[in-house]
Amino acid sequence: MNPKSLEPLELITIEEQTTQVMQQAQPRSYLYQTARRLQSIMQLELIRRGLFERQIAALRKNATR
């Protein structure tokens, strides 16, 4: 998966899903570590695109409409 090819809303969704997985997994488990890496990659891509908390919140709000 190339994060550069994803839409901003897809990046946000994946980041939210990784957070949920991390909450359910054990901190030292492979699943937790993989989810943490994926979350970091998605966050870095959002930053690279210039999307920060305020813009991300607006995208989430528009997606729920």
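End of the sequence shown sits at 49 in the numbering used here; the numbers just go up one at a time, nothing left out. All C-beta atoms in this analysis are idealised placements derived from N, C-alpha and C, irrespective of residue type, glycine included.
Query, Result
"Pairwise C-alpha distance: Leu(-7) and Ala47", "8 Å"
"Span separating the alpha-carbon of Ala19 from that of Thr3", "8 Å"
"Own chain residues within Cβ distance below 8 Å of Met98, not counting five before or after", "Because the chain in this structure spans residues -15 to 49, residue 98 falls outside the shown range and cannot be described."
"Leu28 burial status per 10 Å Cβ neighbour count (16 or more: buried)", "exposed"
"Reference Thr(-3), options Leu30, Gly34, Arg38, closest by Cα", "Leu30"
"Close-in-space but distant-in-sequence residues of the same chain around Ile40 (CB under 7 Å, 5 per side omitted)", "Ile(-4), Leu30"
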